[in-house]
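Heads up: the protein sequence lines correspond to chains Z and F, in order.
Letter by letter, the first sequence follows residues 1 to 109 in my numbering.
Letter by letter, the second sequence follows residues 110 to 1010 in my numbering.
Glycine included, C-beta positions come from ideal geometry on N, C-alpha and C.
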Amino acid sequence: MAPKSDLLQGTLDLLVLRTLAEGAMHGWGISQRIQQLSKDVLQVNQGSLYPALHRLEQQGLIEAEWGNSENNRQAKFYQLTRDGRKQLAEEARNWERLSTAVARVLAGL
Amino acid sequence: MIRYLTVRLGSLFGREQLERELDAELRYHIDMLTEQLVQQGLSHEDARREALRQFGPVDTVKDGVRDAWLSRFVEIAAQDVRYAVRSLRRTPGFALLIVLTMALGIGANTAIFSVVNGVLLRPLPYKGGDKLVELHQGAGDPSDPANDIGFSVKDLEDYRQARSFSDVVEFHNMLFTLLGRSEPLRVSTGVVSANYFDVLGIKPLYGRTFVDADDRPGAPAVLVLTHDYWARHFDEDPQIVGKVFRMNDRPHTVVGVLPPVPLYNPQGTTDVDVFMPTSACPFRSRQAFVDNRSGRMMSAFARVRPEATLLKSAADLDITAARLAKDYPQNYPQRDFRAVGLPLKDEMTVNFKPTLWILLGTAGFVLLIVCASIANLLLARIVRRERELSVRAALGATRSRLLRQLLTESLLLAGGGGGLGLVFAALTMKLLVSFAERYTPRAAEISIDLTVLGFTFGLALLTGLVFGSIPAFSQRVDSAPALRDGSRTSHSSQRLRRVLIVAQIGASFMLLIAAGLMLRSLMNVQAVNPGFHTEHLLTFRADMGFDKYPVSMPFAERQARFAQYWHAFEQRLRAVPGVSSVGAGGTFPLNELPPGTGRLVRQSHPLPPGMQPPSINVRFATPDYFGTLGQPLLGGRAFAESDTADAAPVAMVNQTAAKQYWPNEDPVGTRIESGNGSFMTIVGVVADVRQQLDRAPGAEVYLPLAQAALLGTTWILKTDLAPAELERSVRAAAQAHDADLPVSSFRTLADVRSITLTPRRVVVALIGLFGALALVITAAGIAGVVAFSVNQRTQEFGIRMALGAQRGRVLSLVLREGVALVLVGLAIGVAGAAVLTRLLGQMLVAASPQTSGPLLVDVAPTDVVTYIGVAATLLLVALVACAMPARRAASVDPMVALRAQ
Chain Z
1 MAPKSDLLQG TLDLLVLRTL AEGAMHGWGI SQRIQQLSKD VLQVNQGSLY PALHRLEQQG
61 LIEAEWGNSE NNRQAKFYQL TRDGRKQLAE EARNWERLST AVARVLAGL
Chain F
110 MIRYLTVRLG SLFGREQLER ELDAELRYHI DMLTEQLVQQ GLSHEDARRE ALRQFGPVDT
170 VKDGVRDAWL SRFVEIAAQD VRYAVRSLRR TPGFALLIVL TMALGIGANT AIFSVVNGVL
230 LRPLPYKGGD KLVELHQGAG DPSDPANDIG FSVKDLEDYR QARSFSDVVE FHNMLFTLLG
290 RSEPLRVSTG VVSANYFDVL GIKPLYGRTF VDADDRPGAP AVLVLTHDYW ARHFDEDPQI
350 VGKVFRMNDR PHTVVGVLPP VPLYNPQGTT DVDVFMPTSA CPFRSRQAFV DNRSGRMMSA
410 FARVRPEATL LKSAADLDIT AARLAKDYPQ NYPQRDFRAV GLPLKDEMTV NFKPTLWILL
470 GTAGFVLLIV CASIANLLLA RIVRRERELS VRAALGATRS RLLRQLLTES LLLAGGGGGL
530 GLVFAALTMK LLVSFAERYT PRAAEISIDL TVLGFTFGLA LLTGLVFGSI PAFSQRVDSA
590 PALRDGSRTS HSSQRLRRVL IVAQIGASFM LLIAAGLMLR SLMNVQAVNP GFHTEHLLTF
650 RADMGFDKYP VSMPFAERQA RFAQYWHAFE QRLRAVPGVS SVGAGGTFPL NELPPGTGRL
710 VRQSHPLPPG MQPPSINVRF ATPDYFGTLG QPLLGGRAFA ESDTADAAPV AMVNQTAAKQ
770 YWPNEDPVGT RIESGNGSFM TIVGVVADVR QQLDRAPGAE VYLPLAQAAL LGTTWILKTD
830 LAPAELERSV RAAAQAHDAD LPVSSFRTLA DVRSITLTPR RVVVALIGLF GALALVITAA
890 GIAGVVAFSV NQRTQEFGIR MALGAQRGRV LSLVLREGVA LVLVGLAIGV AGAAVLTRLL
950 GQMLVAASPQ TSGPLLVDVA PTDVVTYIGV AATLLLVALV ACAMPARRAA SVDPMVALRA
1010 Q
């Protein structure tokens, strides 16, 4: 298993928003998806995930609803709001700019 | 702590629901993880354990989420506050009115509470102050000054053996003359055991207090100054330690200065100026006095051991007293002899308690009235805002949200009221301290400390919460029907307002009764004829240094010298231009210094053995004393110049004594004995005088100044000159007579009389202020309720007038409503006053043994005149309050009224 990397809060928020852009998901699903997409590099710490979800909910970027999950059990589903989509686009742009700049610096040494 | 608060506040925000949901959410995650691990091959139990391990501590996760919630709550609260501020700003007059009203109510209570706190609640500023007691011994109840015989040196040696006490210290108060300043000073001296300050737990500010070496016979005389005296006479000079002054014919060195702690003088009403050890007191250090078991002039304080209780120490005292009475029958009263120890704190505050409770009670009433009034105002406002609240409800605000915002408004108003009230109270601090000084030495401890701040904060919070929750009971804040139907309001709100106003009227009535009774008492006391003139009289003290005529001189010779001394001084005073008459005595009526007491033995009425002769006041007078004061002679003659020290001993009695002890005979010509073996012939009867305006005169006997050997005298000069001018001449005359004679306390008798009235005047002013406040607030409340009701009934009035009702009829309808409210309120008030009077009972009319007189003077607590007066005032005020709304009702245009909503 690849070493776990700690995620900064802002980065985690971005990943969560990105994951939810694909559709409504519960906390378990989000954590699995991030792990899957990053090929197991990123394993989200639950101590950060759930506070982040609740924070994003209070900021109005995502909204929550209890519904039936795949195995017919009650779970809390989150989905992006319109503000959330806007925020995601902006954060993604910022991340792009930042990582490009870092790459350029590392390459141009 | 924070967790606790957030849980409590959180419930206000629907916290339980959130917790349950969070729990379910996390549980789902763990279940899914467990299933995944099972699919990977682990057993169910192992999978569960592994899942929990991978998930991490659940509580930590929950805490993380809760932190996110907390910031949300704070944000919501901030939002509520912003909204509340905006809403209040829209009606600034209303908000200001409420804040002001609340400030008055809270301010009054904070002020009075700060007094209660400083004087009664705070522990004494001595180390272990609650274990200090003052001892008394005597026959019957020794705590009554009439029965307290004081302590001798030998008494105290025996009481020191009592096991419950770690130590017993003595105190007695003497007036000495301090020489070495620009003029001789009279100092009130506390003569104490060497470890007095150690036992009390008082550390010096500068220098040191006494040590055992100071108290040995023949030790060099030392002094410790009290803070007040040092500030007043020595300008707070830190170099005072080491200075030497001359007192009692010996050099005295100042060794220390005390911090500003309250000091209790059990032997008089004057403050102690300096302290000295017993070896420095010329009376106390005489061997004959020390050896005499019956030589009693000291008071005593004791410290109870930490492991003993006050109860146990009381038992020890009883045992010791009984043993002493048995072992030395000729030195102790044989019947009913007891010794008691009273907590020092109680002794220092007992005079103040009745007054304080009354003030606290009235302040509490003011607060209740204020609260009812504000509740009324808020209810009225909610009704006015009903439309706004309904709109918001329709737009999606939950009931709890609306209630929360109304609560925030109330809390903001309460906070403002509390803060402003604190400012009001702070402004009155100095006044309160000087008011309390007359009653207790602890007056200087009155201040706004943390306890008082906590009290104010708590009170403001409580009132804010109470008001904020009223809408929850009285209104349906989320009812859509209100939108449809204009200004219809629920009847329950109007009924609640009526209940509140009636309660207000009842409370105001009781408050005004208290004010009225106190005012009548004051007027009665002011009208009292003290039995003599008070105009054009200047008084002062002259205290001869006792060392002038040494104690070694035989008594007869000393007596003659004293008489000569004072007589010469009297001649000089007579010669001062502007003085028309001179009188002298030990004290004078209305003075803080009371007359001495003695025992009356009539030659014609021998006492059965073992019975105590009755106690009687003893006054001294020069021949011109009565004439100067204007105290009429009722029979026989006054003292004359011929009643000299070597002439036959004579006496005079006052009318009360004559009636009481010589009911069927003329006392003139009979003989009495004063207790030291010598008999005097009564030569005259004089009219009664009042030592205190609010207490009836007691039996008194007068002795000629020339036949006593008084060190301290008071002088009364009849004059038309200005007091300041006369004082200068008198000081010059005193200086010429004897350069070492201190003269002090120059006051006109009229001023002295005024001073005795001051505490009562202050109390009346305070309660009167409260009463006036209550009246204004209640009047405004009545006006508000009636105006509102008129508003509601506009349609009805319009119909009535359209159908032919006269204006006057409508007017009377409105007035009737107002009067009905007042009558119900009065009924409640009368009932309440009756109950309260029954509960307070004796406290109102009893006089406390020491300085303060009864609260009510010559007026019964159920005085009909006062009750009728107050009721009439309230009715009148109510009618005036109703006048405006009534006029408006009567001037309604029927057409407009009918067309209105």
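Would you give the residue range spanned by the alpha helix (DSSP H) that residue i belongs to?
i	result
I30/Z	G27 to L37
R869/F	L858 to Q901
R490/F	K462 to R493
L932/F	R916 to L949
G525/F	R508 to L536
N218/F	P201 to V225
Y976/F	V973 to A999
E834/F	P832 to H846
G736/F	Y734 to L738
S422/F	L419 to D436
Determine, using beta carbons only, whether residue i and residue j come nearer to each other than 8 Å.
i	j	result
F879/F	T471/F	yes
G707/F	A730/F	no
A669/F	T822/F	no
V685/F	A942/F	no
L646/F	L420/F	no
V634/F	L802/F	yes
R405/F	I614/F	no
K263/F	R402/F	yes
P415/F	K240/F	yes
V228/F	F461/F	yes
A330/F	H361/F	yes
DSSP puts residue i in a beta bridge; with which residues?
i	result
M356/F	L287/F and R359/F
Y645/F	This sequence places His at residue 645/F; Tyr is not what is there. Per DSSP, none; premise fails for H645/F.
H110/Z	Here chain Z comprises residues numbered 1 to 109, so residue 110/Z is not present and cannot be evaluated.
H245/F	V449/F
L386/F	Sequence inspection shows Pro at residue 386/F; the Leu mentioned does not correspond to that position. DSSP lists V301/F as partners of P386/F.
T790/F	V759/F and R780/F
R412/F	L241/F and D276/F
T706/F	N726/F
I62/Z	L80/Z
N282/F	G299/F
What distance in whole Å lies between the Cβ atoms of residue j and residue i, which are believed to be in contact at a cut-off of 8 Å?
i	j	result
L486/F	G893/F	7 Å
V301/F	F384/F	6 Å
T648/F	F697/F	6 Å
L426/F	L605/F	Between L605/F and L426/F the Cβ distance is about 59 Å, and since that is not below 8 Å, they are no contact.
E554/F	P313/F	About 19 Å; that fails the 8 Å criterion.
V242/F	G450/F	4 Å
L830/F	G687/F	4 Å
F274/F	V413/F	6 Å
Here's the rule: buried if 16 or more other CB atoms are within 10 angstroms of the residue's CB, otherwise exposed. What is residue i?
i	result
H153/F	exposed
W66/Z	exposed
P143/F	With the sequence shown as reference, residue 143/F is identified as Thr, and Pro is not the correct amino acid for it. When all chains shown are included, T143/F counts as buried.
S630/F	buried
Y192/F	exposed
D752/F	buried
H26/Z	buried
D250/F	exposed
V183/F	exposed
V1005/F	exposed
L592/F	Low per-residue confidence applies at L592/F: pLDDT is 48, beneath 50, and the placement is therefore not dependable, though the value from the model is reported in the following sentence. Classification of L592/F: exposed, given that the 10 Å Cβ count is below 16.
A672/F	buried
E456/F	buried
Between which two residues does the beta strand (DSSP E) containing residue i stretch?
i	result
F77/Z	Q74 to L80
T822/F	G821 to T828
Shorter than 7 Å, the distance from the beta carbon of residue i to the closest heavy atom of the ligand MG, or not?
i	result
M720/F	Ligands in the displayed structure: none, and consequently the ligand MG is not present.
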